[in-house]
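Everything on this sheet refers to the single structure shown next.
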Amino acid sequence: MDVDSRLAGLPGWRREGDEIRRTLTAPDFPAAIRIVDEIAVKAEELGHHPDIDIRWRTLHLALTTHDAGGLTELDFRLAAVIDDIAAKHGA
């Protein structure tokens with residue numbers, strides 16, 4: 005998989021080792037929680053769960069496929085879903 009070309013289509017995401025990461029800033033704390041809640045629903049549907057750190061209205065997200073030992077198509081698919089959710093909430 006060409007990670008760099010996949011990241012080109014996901015502005016804001018960056019590679020760090022075997023993960024892709026993004027930091028989002030929500031308009032306020034309740035919006036940050038709504039974003040996390042929607043991500044949780046979609047992640048559960050996909051059977052793929054990101055690491056999420058919430059600091060007030062800032063969300064730090066990391067994706068990797070642990071059982072595959074690195075990045076897979078599923079990481080990039082969930083990253084795009086996360087981008088759509090974040091945009092809907094103004095992050």
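Residue 5 is where the sequence shown starts when you use my numbering, and the numbers rise one by one after that. For every residue, glycine included, the Cβ atom is placed at its ideal position computed from N, Cα and C. Small disclaimer: the values here were computed from a predicted structure and weren't measured.
{"Query": "Using alpha carbons as the reference points, say which of Leu82, Leu63, Gly73 lies closest to Ala35.", "Result": "Leu63"}
{"Query": "In terms of residues, what are the limits of the beta strand (DSSP E) holding Ile10?", "Result": "Looking at the sequence itself, residue 10 is Arg, so the reference to Ile does not match. Element bounds for Arg10: not the beta strand (DSSP E) but the alpha helix (DSSP H), 7-12."}
{"Query": "What are the boundary residues of the alpha helix (DSSP H) that includes Arg38?", "Result": "33-50"}
{"Query": "What would DSSP say about Leu67, mapped onto helix, strand or coil?", "Result": "strand"}
{"Query": "Please classify Arg59 as buried or exposed, where buried requires at least 16 neighbouring CB atoms within 10 angstroms.", "Result": "exposed"}
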